[in-house]
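Trainee:
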Amino acid sequence: MNEQLLKDLLNQDLDPVETREWIESLTAVIGADGPERAHYLLERMVDETRRAGGHIPFQPTTAYVNTIPPQREAQSPGDAAIEWRIRSMLRWNAMAMVVRANRKPGELGGHISSFASSATLYDVGFNHFWRAASAEHPGDLLYIQGHSAPGIYARAFLEGRLTQEQIDHYRMEVDGKGVSSYPHPWLMPDFWQTPTVSMGLGPITAIYQARFCKYLEHRGLIPESDRKVWCFMGDGESDEPESLGAISLGGRERLDNLVFVINCNLQRLDGPVRGNGKIIQELEGVFRGAGWNVIKVVWGSYWDALLAKDTSGKLRQLMMETVDGEYQNFKAFGGAYTREHFFGKYPETKALVAHLSDEDIWHLNRGGHDPHKVYAAYHAASAHKGQPTVILAKTVKGYGMGEAGEAQNITHQQKKLDDSEVRAFRDRFKLPLSDEQLADVPYYHPGEDSPEVRYM
0 MNEQLLKDLL
10 NQDLDPVETR
20 EWIESLTAVI
30 GADGPERAHY
40 LLERMVDETR
50 RAGGHIPFQP
60 TTAYVNTIPP
70 QREAQSPGDA
80 AIEWRIRSML
90 RWNAMAMVVR
100 ANRKPGELGG
110 HISSFASSAT
120 LYDVGFNHFW
130 RAASAEHPGD
140 LLYIQGHSAP
150 GIYARAFLEG
160 RLTQEQIDHY
170 RMEVDGKGVS
180 SYPHPWLMPD
190 FWQTPTVSMG
200 LGPITAIYQA
210 RFCKYLEHRG
220 LIPESDRKVW
230 CFMGDGESDE
240 PESLGAISLG
250 GRERLDNLVF
260 VINCNLQRLD
270 GPVRGNGKII
280 QELEGVFRGA
290 GWNVIKVVWG
300 SYWDALLAKD
310 TSGKLRQLMM
320 ETVDGEYQNF
330 KAFGGAYTRE
340 HFFGKYPETK
350 ALVAHLSDED
360 IWHLNRGGHD
370 PHKVYAAYHA
380 ASAHKGQPTV
390 ILAKTVKGYG
400 MGEAGEAQNI
410 THQQKKLDDS
420 EVRAFRDRFK
430 LPLSDEQLAD
440 VPYYHPGEDS
450 PEVRYM
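Sequential numbering of the sequence shown, starting at 0, is according to numbering that gives the first Met the number 0.
1. Please specify which runs of the beta strand (DSSP E), each continuous and at least 3 residues long, are wholly inside the region 118-197, giving them in chain order.
2. Any idea which residues DSSP pairs L391 with across the strands?
3. Grouping DSSP H, G and I as helix and E and B as strand, with all else coil, what is R352?
4. Curious, which full-length beta strand (DSSP E) runs of at least 3 residues does the region 216-294 contain?
5. One question on the structure: do A331 and E72 come within less than 8 Å of each other, judged by their Cβ atoms?
6. C212 by DSSP, collapsed to three states: which one?
7. Should L157 and D122 be called a contact, given that it needs their Cβ atoms to be closer than 8 Å?
8. Can you tell me which of the three DSSP states R425 falls into?
9. Is the region 215-231 in contact with the region 255-267, if contact means three or more CB pairs nearer than 8 Å?
10. Can you find the residues in the same chain that come closer than 8 Å, C-beta to C-beta, to G333, ignoring five residues on each side of it along the sequence?
11. How is R365 classed by DSSP in three states: helix, strand or coil?
12. When burial is assigned at 16 or more other CB atoms within 10 Å of the CB, is Y214 buried or exposed?
13. Are the beta-carbon atoms belonging to S112 and K396 less than 8 Å from one another?
14. According to DSSP, simplified to helix, strand and coil, what is T321?
15. With distances taken from CA atoms, which of I221, E223, T337 and L243 is nearest G199?
16. Compare the C-alpha of N65 against each of K384, A379, R453 and L430 and name the closest.
17. Going by DSSP, what residue range makes up the alpha helix (DSSP H) through S449?
18. For M0, which residues from the same chain have a beta carbon less than 7 Å from its beta carbon, with the 5 sequence-adjacent residues on both sides left out?
19. Can you give, in chain order, each stretch of the alpha helix (DSSP H) that sits fully within the region 49-116 and has at least 4 residues?
20. Helix or strand or just coil, what does DSSP make of E347?
21. If you drop the 5 nearest sequence neighbours on each side, which residues of the same chain put their C-beta closer than 7 Å to that of F286?
22. Give me the residue from A155, E23 and R273 with the minimum Cα distance to Q327.
23. Using 8 Å as the limit for Cβ to Cβ distance, is V285 near chain D?
24. Classify F309 as buried or exposed, calling it buried when 16 or more other Cβ atoms lie within 10 Å of its own Cβ.
25. Quick check on this structure: which residue in A37, R315, K384 and S381 has the alpha carbon closest to the alpha carbon of E347?
26. Could you work out which residue in V178, D255 and R84 is closest to C212 when comparing CA atoms only?
27. Quick one, are the C-beta atoms of F428 and L416 less than 8 Å apart?
28. Which residue from K103, G201, A350 and E135 puts its Cα closest to that of P240?
29. Kindly indicate the opening and closing residues of the alpha helix (DSSP H) around S381.
30. Which two residues bound the contiguous alpha helix (DSSP H) that contains L13?
31. How many whole angstroms separate the CB atoms of A100 and L107, which I take to be in contact at a CB cut-off of 8 Å?
32. Output the distance between the C-alpha atoms of E17 and T61, rounded to the nearest integer angstrom.
33. Give the straight-line distance between the Cα atoms of V196 and Y443, rounded to the nearest whole angstrom.
34. I think A118 touches G150, with their Cβ atoms under 8 Å apart; what is that distance to the nearest whole Å?
35. Quick one: is N275 buried, meaning 16 or more other Cβ sit within 10 Å of its Cβ, or exposed?
Written as structure tokens, this is what we have:
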């Protein structure tokens, strides 16, 4: 039997010739007049079908790929190499802060894995989008995810805003020389803008903050500006009642000064967020239904070539079929496991990666760790009008921690690393520290006149 005919039968296509004609017509419209015209025509056809009595339910989710295709991505003006070195230093110092604190009596707690997964999300914002208050601009407002606080302290240390003594008293601020566990303007009024812990507090207050900014502008009480309210939260945090409880207000009031960035590392405190489901798809449907603009940043640049060669559509199908618990396994168990259990599911997808080594497969990156994809999403969110925007960025919890907890269920509770794990962390991010120095897990600063600090 003809292979294409078999596919048509399996897809229950009653008239495959007609289907192909419609697809070819739509492709021609996209080529001649662009995707916006094609979208208009599709909406008209759906409307006509409903007018004729057909029941076509609203579909709030899209394919499990990036919302912005490669050819439409805004290009980052930054120096990719120097920004990678900065992120490596931030990751190291954030990790060192927590590890050093928990080698002291009392085990002070803290979190390594949350910032490890979101470092790129913050770095791109600080480097290219967020503006401080000045005479010309009121400044953007940031609601930082609470568990990522060590990474923000690490950046302030490199910038010279915090001293080593201060960050070495992480979670020991009683004597006035430490830094607080989480974003806390009452304890650190010259550092934090907004409180975001307990979980869920940040998202709901960010919505009302954005609404109040619009209120003041509309009544002439403050000048109109392009000020943005940026709120960071975790995908597990989205289950807190406050996190999603007011999102309909954002859509209803058309708060285009509001951007949510949800770090979708697929893990909560002690396990998967949706082990047998897909949290990114779920959140996409919830936010789109509430009137938000949704931007998915699922896959990094290393996937672009594979998706371009996916003429059969099997890779996209496989991406949609695979649940979050399986995606965590692939990152936890490496490239050979991923080749067999992910790409090996279909002959077409197995052939797509035949030229790649197991190490190449393991390095296929998630979108939230790709600064180019994140920049494109932030650029689109900043320019969008008439709706609030949510960016759903897929990441790996504990990114860079290796056997100490990368993509593992234990990673959120990981406060300590042994000598070999610290050494592996140093090697992965190429920090210029000797083996002898590692015993104390020292902070690293390249110097005030270094290219990295001047760049920041």
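C-beta: ideal position from N, C-alpha, C; glycine also.
Mentor: In short:
1. 140-142
2. Its beta-bridge partners are I261 and K295.
3. For the record, residue 352 in the displayed sequence is Val; it is not Arg. Correct three-state label for V352: coil.
4. 228-233 and 257-263
5. Contact flag unset, no.
6. helix
7. no
8. DSSP places R425 in the helix class (H, G or I) of the three-state scheme.
9. Because the criterion of three Cβ pairs below 8 Å is met, the region 215-231 and the region 255-267 touch.
10. D357 and W361
11. strand
12. exposed
13. yes
14. coil
15. L243
16. A379
17. No alpha helix (DSSP H) holds S449; DSSP gives it neither H nor E.
18. Because the pLDDT at M0 is just 46, under 50, the model does not fix this residue reliably, and the point stays unresolved.
19. When DSSP assignments are scanned along the region 49-116, the uninterrupted stretches of alpha helix (DSSP H) that are 4 or more residues long and fall wholly within it turn out to be 79-100.
20. helix
21. I246, V293 and V389
22. R273
23. You won't find chain D in this structure, because it holds only one protein chain.
24. At residue 309 the sequence reads Asp, which differs from the Phe that was named. Buried: at least 16 other Cβ atoms inside 10 Å.
25. Nearest C-alpha to E347: R315.
26. D255
27. no
28. G201
29. In the DSSP assignment, S381 falls within the unbroken alpha helix (DSSP H) covering P370 to A382.
30. Element bounds for L13: n/a, residue is neither H nor E.
31. Going by Cβ atoms, the distance from A100 to L107 rounds to 4 Å, so yes, they are a contact pair.
32. 24 Å
33. In a straight line, the C-alpha of V196 is about 28 Å away from that of Y443.
34. 6 Å
35. exposed
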